[in-house]
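*Asks:* Structure incoming, see below.
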Amino acid sequence: MSTRTLVIMAGGTGGHIMPGLAVAHEMQSRGWRVLWI
């Protein structure tokens, strides 16, 4: 089975980065590869 990839783009303030981090951590725990832009 191939690894799924999620690309997250967030920046500027914690209001964008913190939710992105939460999603990234959850998806990584589910086996997804997470890339940041």
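Our numbering applies: residue 716 is where the sequence shown begins, and numbers increase by one.
Backbone N, C-alpha and C fix where the C-beta goes; we use that ideal spot for every residue, glycine too.
(1) On a CA-only basis, which of Val738, Thr718 and Ser717 is nearest Trp751? Give me that one, please.
(2) If you reduce the DSSP assignment to three classes, tell me which class Ile723 lands in.
(3) Let me check one thing: in DSSP terms, what residues is Arg748 bridge-paired to?
(4) Compute the distance between the beta-carbons of Gly735 and Thr718, then report whether it is under 9 Å.
(5) Residues in the same chain with beta-carbon distance under 6 Å from His731, minus the five sequence neighbours each way, listed in chain order, please.
*Replies:* Taking the coordinates as given:
(1) Val738
(2) strand
(3) Thr720
(4) no
(5) Ala725
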